[in-house]
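Visitor: Counting in my numbering, the sequence shown runs from 19 upward without gaps.
I'd like to ask you about the structure that follows.
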Amino acid sequence: MIQHCIVQVVLDTPLDFYFDYRYPVEAENFPVPKIGMLVVVPFGRREEAGLIVDVKEESEIDENKLKDVVSVISEIPPLRTDWIDLCRFAAGYYQRPLGEVALPSIPKNIRANKKLALKRAVKALVQVPGNIVATNMEKPVLLKAQEQAVSAIVKTRGFKPFVLYGVTGSGKTEIYLQAIEEKLKQSDAMQVLIMVPEINLTPQLEVSVRSRFPGVTIATLHSRLTESERLKNWLQIHTGVARIVLGTRLAILASMPQLGLIVVDEEHDLSYKQQEGLRYSARDLAVWRANQLGIPVVLGSATPSLESWQHVLSGRYVKLELPERAVKDAVLPAIRLIDATREPLQNGFSPSLINAIKRRLEKSEQSLLFLNRRGYAPVITCEACGWISVCERCTAYMVYHKSHHLLRCHHCGLERPIPRVCPDCGNIDLQTLGRGTQRIEEGLAGYFPDARILRIDADSTRKKGSLEAALEMVHKGEIDIVIGTQMISKGHDFQNMTLVGVLNPDTALFSHDYRAGERLFSQLMQVAGRAGRGGVSEHGNRSEVLIQTRYPMHPLYQAALTHDYGNYVSDLLMERQNAGLPPFGFQVLLFAEARKVENALDFLRQAIDAIPEPEAVIINEPIPMAMMRIANVERAQLLIESTSRGRLQGMLKEWIPVLRNMKTGIRWHIEVDPMSI
């Protein structure tokens with residue numbers, strides 16, 4: 019008779035339970051059970067992959083009622099307990115079941131137990147060249163501030179969070195590379211994680227890293243990988259074969275057994291906060307993981323988040339400052355505000371901006387126009403009756419995309435052909451309101467018919483490899499004027515870019531979100547940083563940034579004139595402290611979705627009644643969300659605040675089980691530390 023032990027398994031399910039299964043300890047193809055092993059178990063009418071989180075001799079449940087483990091995914095070495103602890107922390111802090119955190123971070127081909135794919139991936143591991151930290155490249159000579167930063171990172175033993183605060187073009191990437199090289203030399207097995215906020219920043223960084231470390235196995239992790247690519251890369255990382263890992267936010271949950279350094283580039287970026295499922299902050303998990311492992315973590319940015327800046331002021335984080343650009347003769351561009359009330363815009367352009375572009379074209383220098391709105395125009399309207407192209411499924415407008423001759427909702431994806439006449443009154447004279455990147459591109463071609471103009475946004479880079487091809491054209495000097503959204507505002511090193519024009523940034527000044535100003539300032543500094551990175555032009559002209567605004571005296575724009583992030587942040591922190599907002603207060607949002615917003619609001623009111631010790635937190639009134647309806651689903655939210663993170667977390671641990679037991683038919687989810695209100 020085969021002997022059994024009991025294994026506790028977590029599954030990718032909303033049920034917040036550990037499930038007991040019988041494990042045949044002496045059966046063929048069943049190795050000794052260990053915490054971290056992946057197994058296949060029966061669950062309902064199907065079989066699921068699960069993770070063993072405990073092994074014990076007996077169960078509290080009648081063992082005759084327990085089911086047996088079906089098989090072991092033996093091709094995958096067990097996951098380490100420190101990785102499980104990371105998942106357990108994330109699950110607890112962000113209020114999700116452990117299985118919903120741990121299992122989705124493992125490639126689908128493993129969870130589906132695809133034996134052939136697993137065997138191929140394991141076989142490919144032996145073909146990887148040995149790890150040799152060496153390069154024949156001549157490394158750039160570091161400035162004194164850069165040398166000090168590298169030295170501080172490399173000499174650190176144990177946990178220490180650094181904020182690498184450097185102006186755009188100050189050589190933060192070079193600091194990463196030299197610190198990584200020195201760290202890898204300290205151990206033949208050490209791994210390093212470098213995180214970037216967006217996929218489009220990965221190729222450029224990957225080229226730099228691969229050229230600097232030609233003998234080191236480097237693996238990438240991001241959402242555009244195929245399942246076979248993700249399996250191969252994840253397995254290289256999990257087995258320690260890959261010593262350098264490049265990835266977006268999902269990489270922080272990868273299994274890295276020998277992790278010795280974490281770098282979070284552009285740490286302020288909103289993209290590090292997951293907006294679906296497990297709503298985690300990859301930056302915050304990076305700091306927690308570094309603390310857990312006792313290793314340094316570097317948070318790099320020209321505009322650090324207010325949370326990180328406050329940690330510097332309080333002494334929790336160490337600031338490494340880079341006050342000047344790394345390239346010889348490269349200085350920060352001059353910023354000038356164009357008052358759109360005094361200099362009327364034609365086709366979205368002021369005469370000053372058009373003249374500035376003309377001067378750059380005459381000198382064979384490149385210009386960048388930044389507008390964070392894709393499409394041709396925000397809406398189509400009928401001036402006769404007031405009809406506007408509203409999405410029938412969302413509380414949003416449908417955007418006019420001229421190149422495809424359609425209206426598209428950027429929230430639910432609904433597409434409609436352009437109406438020939440007004441749907442309400444039959445008027446044939448429909449007009450466009452506002453401007454998107456497509457319309458700016460068209461208007462610019464009218465001013466400069468001979469210029470080589472390229473638009474880079476989510477619409478023009480849909481095809482795989484199209485973004486890389488577009489950026490390569492810019493780097494080679496085959497483009498004169500680039501028009502783009504935020505996807506080109508950061509991280510790109512355009513050596514011949516000497517002019518940046520910012521179009522229509524004022525909308526952020528009137529946002530309901532208290533973080534909008536912080537984001538706009540960061541965005542302005544980032545896009546301004548694309549200019550003048552190659553030093554003073556051969557014509558001796560300083561690079562410039564022109565911002566078209568109707569509110570030039572706004573404190574945000576006045577601070578931007580001098581690149582004065584420090585003083586601007588100090589003012590913001592004072593405002594946040596007086597208002598009890600993050601980083602001085604802590605927040606959680608409860609979202610509810612229903613066919614009618616009244617039902618969602620009713621659920622939120624019931625949820626308030628279920629809050630344990632409501633006097634320990636600040637409970638705001640439930641309200642409809644700013645974007646109330648998406649895809650015919652109406653949404654509302656409840657904001658809860660506290661001056662104590664511990665009290666807020668304690669309340670959530672008691673409150674969430676009560677919410678799960680409420681039989682309302684309402685879909686809901688919790689977001690801890692929301693980045694948008």
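Every residue gets a Cβ at the ideal spot worked out from N, C-alpha and C, and that includes glycine.
(1) So, using beta-carbon positions, are alanine 320 and glutamine 544 closer together than 8 Å?
(2) Cα separation between leucine 386 and glutamate 460?
(3) So for proline 632, helix, strand or coil by DSSP?
(4) Which residues in the same chain have their Cβ closer than 6 Å to the Cβ of glutamate 93, if we skip the five residues on either side of it in sequence?
(5) What number of angstroms, rounded off, separates the C-alpha of glycine 404 from the C-alpha of alanine 634?
(6) Along the beta strand (DSSP E) that carries tryptophan 686, what are the first and last residues, could you check?
(7) Taking C-alpha atoms, which residue in Tyr112, Gln655 and Cys23 lies nearest to valine 690?
(8) The alpha helix (DSSP H) that contains proline 369, what's its start and end?
(9) Going by the beta-carbon positions, is the gap between cysteine 412 and cysteine 427 smaller than 8 Å?
(10) Nearest-angstrom Cα distance between phenylalanine 35 and leucine 542?
(11) Around the C-beta of phenylalanine 512, are 16 or more other C-beta atoms found within 10 angstroms, so that it is buried, or is it exposed?
(12) Out of Gly54, Pro96, Leu202 and His22, state which residue places its alpha-carbon closest to the alpha-carbon of asparagine 82.
(13) Exposed or buried, what is phenylalanine 528 when buried is set at 16 or more other beta-carbons lying within 10 Å of its beta-carbon?
(14) Going residue by residue through the stretch 545-593, where are the continuous alpha helix (DSSP H) segments of at least 4 residues, counting only ones entirely within it?
(15) May I ask you to list the residues that DSSP assigns as paired with valine 106?
(16) DSSP three-state call for arginine 480: helix, strand or coil?
(17) Whole angstroms are fine: how far does the CA of valine 234 sit from the CA of arginine 678?
(18) Figure out for me which residue from Asn309, Val345 and Leu182 has the closest Cα to the Cα of proline 158.
(19) Shortest alpha-carbon distance to isoleucine 446 belongs to which of Arg453, Ile436, Glu342 and Pro692?
(20) Quick one: grab the DSSP three-state call for lysine 162.
(21) Can you give the Cα-Cα distance for glutamine 26 and serine 229, rounded to whole angstroms?
(22) Could you tell me whether the stretch 101-109 touches the stretch 38-46, using the rule of 3 or more Cβ pairs below 8 Å?
(23) Leaving aside the five residues before and after leucine 698 along the sequence, list all residues of the same chain whose C-beta is less than 8 Å from its C-beta, in chain order.
(24) Using the Cα positions of asparagine 585 and valine 315, report the straight-line distance between them to the nearest angstrom.
(25) Should the stretch 214-221 be called in touch with the stretch 278-289, which here means at least 3 C-beta pairs below 8 Å?
(26) Skipping 5 residues on each side, what residues in its chain have a beta carbon closer than 6 Å to that of phenylalanine 177?
(27) If you follow the beta strand (DSSP E) that methionine 213 is in, where does it begin and where does it stop?
(28) Counting only the same chain and skipping the five closest in sequence on each side, list residues whose C-beta sits under 7 Å from that of leucine 277.
(29) Taking 8 Å as the threshold (C-beta atoms), are leucine 69 and serine 77 in contact?
Guide: Quick answer:
(1) Along the sequence shown, read from residue 1 onward, the residue named residue 320 stands at position 302. Along the sequence shown, read from residue 1 onward, the residue named residue 544 stands at position 526. Their beta carbons are under 8 Å apart, which means alanine 320 touches glutamine 544 by this criterion.
(2) Numbered from 1 along the sequence shown, position 368 holds the residue referred to as residue 386. Numbered from 1 along the sequence shown, position 442 holds the residue referred to as residue 460. One C-alpha to the other measures close to 15 Å.
(3) Here residue 632 corresponds to residue number 614 of the sequence shown, with the count starting at 1. Three-state DSSP puts proline 632 in a helix.
(4) The residue labelled residue 93 in the question sits at position 75 within the sequence shown. Cβ contact annotation for glutamate 93 (same chain, cutoff 6 Å, sequence separation greater than five): Leu136 and Val140, in chain order.
(5) Numbered from 1 along the sequence shown, position 386 holds the residue referred to as residue 404. Numbered from 1 along the sequence shown, position 616 holds the residue referred to as residue 634. Between the C-alpha atoms of glycine 404 and alanine 634 there is a straight-line separation of about 49 Å.
(6) Stepping through the sequence shown from its first residue, residue 686 is reached at position 668. Unbroken beta strand (DSSP E) run through tryptophan 686: 685-690.
(7) One-based indexing of the sequence shown puts residue 690 at position 672. With distances taken between Cα atoms, valine 690 lies closest to Tyr112.
(8) In the sequence shown, the residue the question calls residue 369 occupies position 351. Membership of proline 369 in the alpha helix (DSSP H) is indicated by the continuous run 369-380.
(9) Within the sequence shown, numbered from 1, the residue matching residue 412 stands at position 394. Within the sequence shown, numbered from 1, the residue matching residue 427 stands at position 409. Cβ atoms of cysteine 412 and cysteine 427: closer than 8 Å.
(10) Position 17 of the sequence shown, counted from the first residue, corresponds to residue 35. Position 524 of the sequence shown, counted from the first residue, corresponds to residue 542. Going by the C-alpha atoms only, they are around 47 Å apart.
(11) Here residue 512 refers to the residue found at position 494 when the sequence shown is read from its first residue. The residue in question, phenylalanine 512, is buried, as its Cβ has 16 or more Cβ neighbours within 10 Å.
(12) As a working note, residue 82 is residue 64 in the sequence shown. That would be His22, whose Cα lies nearest to the Cα of asparagine 82.
(13) The count along the sequence shown starts at 1 and reaches residue 528 at position 510. In the assembly as shown, phenylalanine 528 is an exposed residue. Its beta-carbon has fewer than 16 other beta-carbons within 10 Å.
(14) Scanning the stretch 545-593 from its first residue to its last, the whole alpha helix (DSSP H) runs of 4-plus residues come out as 573-579.
(15) As a working note, residue 106 is residue 88 in the sequence shown. Looking at the sequence itself, residue 106 is arginine, so the reference to valine does not match. Partner(s): none; arginine 106 has no beta bridge.
(16) The sequence position of residue 480 within the sequence shown is 462, counting from 1. In the structure shown, arginine 480 adopts coil according to DSSP, grouped into three states.
(17) Looking up residue 678 in the sequence shown gives position 660. Looking up residue 234 in the sequence shown gives position 216. So the two alpha carbons sit approximately 48 Å from each other.
(18) Position 140 of the sequence shown, counting from 1, holds the residue named residue 158. Cα-wise, what sits closest to proline 158 is Val345.
(19) Along the sequence shown, one-based indexing puts residue 446 at 428. Of Arg453, Ile436, Glu342 and Pro692, the residue nearest in Cα terms is Ile436.
(20) In the sequence shown, residue 162 corresponds to position 144, counting from 1. For lysine 162, the secondary structure class from DSSP, reduced to helix, strand or coil, is helix.
(21) On the sequence shown, residue 26 is found 8 positions in, with the first residue counted as 1. On the sequence shown, residue 229 is found 211 positions in, with the first residue counted as 1. Roughly 45 Å between the two C-alpha positions.
(22) With the cut-off at 8 Å, the stretch 101-109 and the stretch 38-46 do not touch.
(23) Only positions 19 to 695 of the chain appear in the structure, and residue 698 is not among them; the question remains open.
(24) Locating residue 585 in the sequence shown gives position 567, counting from the first residue. Locating residue 315 in the sequence shown gives position 297, counting from the first residue. Straight-line Cα distance between these residues: approximately 26 Å.
(25) Verdict: yes, contact present.
(26) Locating residue 177 in the sequence shown gives position 159, where the first residue counts as 1. Within the same chain, phenylalanine 177 has close Cβ partners Ala308, Asn309 and Gly312.
(27) The count along the sequence shown starts at 1 and reaches residue 213 at position 195. Taken as a continuous stretch (DSSP letters only), the beta strand (DSSP E) holding methionine 213 covers 209-213.
(28) Position 259 of the sequence shown, counted from the first residue, corresponds to residue 277. Sequence-distant partners of leucine 277 (beyond 5 residues in either direction) whose C-beta falls short of 7 Å from its own C-beta, in its chain, are Gln209, Leu211, Leu311 and Ile313.
(29) Counting from 1 along the sequence shown, the entry for residue 77 is found at position 59. Counting from 1 along the sequence shown, the entry for residue 69 is found at position 51. Their beta carbons are not under 8 Å apart, which means serine 77 does not touch leucine 69 by this criterion.
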